[in-house]
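Chemist: Below is a structure I'd like to ask you about.
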């Protein structure tokens, strides 16, 4: 049993369950313990221009302040709503092609996707 658990280094924060992958822990905690949000202290941001990085619940605000105060870049946050998932993916593909950027999925819930 101990050898089996050595191959599963990621532990549930609620019970004794152990997993091979961190995403398996998150899935388990959401499904069995009703933990719906990722812990805010896992949020990390790194500046693509310099060595600045930040983490924690204030990470988004910290990186935005860094861009503004250090690099003189204003970040404009925009929330978009789409009538269908297909319309979202069409918009996403067009923006990624036009801006040579890539939106990566942060996490998925049954009611929404966060990119």
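In the UniProt record's numbering, the protein residues as written are 1 to 115. Every residue, glycine too, gets a C-beta built ideally from N, C-alpha and C.
Considering only the beta carbon of each residue, do residue 32 and residue 25 sit closer than 8 Å?
Modeler: On the chain shown, residue 32 is found 32 positions in, with the first residue counted as 1. On the chain shown, residue 25 is found 25 positions in, with the first residue counted as 1. In this structure, residue 25 does not lie closer than 8 Å to residue 32 by Cβ.
Chemist: For residue 49, collect the residues of the same chain with a Cβ closer than 6 Å to its Cβ; drop the 5 residues on either side in sequence, then sort them by chain order.
Modeler: Within the chain shown, the letter at position 49 stands for residue 49. Only 71 meet the Cβ criterion.
Chemist: Output the distance between the C-alpha atoms of residue 22 and residue 62, rounded to the nearest integer angstrom.
Modeler: For the purposes of this step, residue 22 is taken as residue 22 along the chain shown, with counting starting at 1. For the purposes of this step, residue 62 is taken as residue 62 along the chain shown, with counting starting at 1. If you take the alpha carbons of residue 22 and residue 62, they lie about 26 Å apart.
Chemist: Can you find the residues in the same chain that come closer than 8 Å, C-beta to C-beta, to residue 45, ignoring five residues on each side of it along the sequence?
Modeler: The residue labelled residue 45 in the question sits at position 45 within the chain shown. Contacts found: 53, 54, 55, 59, 60, 62, 63.
Chemist: Assuming residue 27 and residue 12 form a contact by the criterion Cβ under 8 Å, report the distance between their Cβ atoms to the nearest whole angstrom.
Modeler: Sequence index remark: in the chain shown, residue 27 carries index 27 (1-based). Sequence index remark: in the chain shown, residue 12 carries index 12 (1-based). Contact doesn't hold; Cβ gap of about 11 Å is too wide.
Chemist: Just the Cα atoms here: how many angstroms apart are residue 88 and residue 82?
Modeler: By 1-based counting over the chain shown, the position of residue 88 is 88. By 1-based counting over the chain shown, the position of residue 82 is 82. Straight-line Cα distance between these residues: approximately 6 Å.
Chemist: Restricting to runs no shorter than 3 residues, where is the beta strand (DSSP E) found entirely within the segment 21-97?
Modeler: 44-46, 53-55
Chemist: My assumption, with CB atoms under 8 Å, is that residue 102 sits in contact with residue 94. Please give the rounded CB distance.
Modeler: Residue mapping note: residue 102 aligns to position 102 of the chain shown, counting from 1. Residue mapping note: residue 94 aligns to position 94 of the chain shown, counting from 1. 13 Å between Cβ atoms; not a contact.
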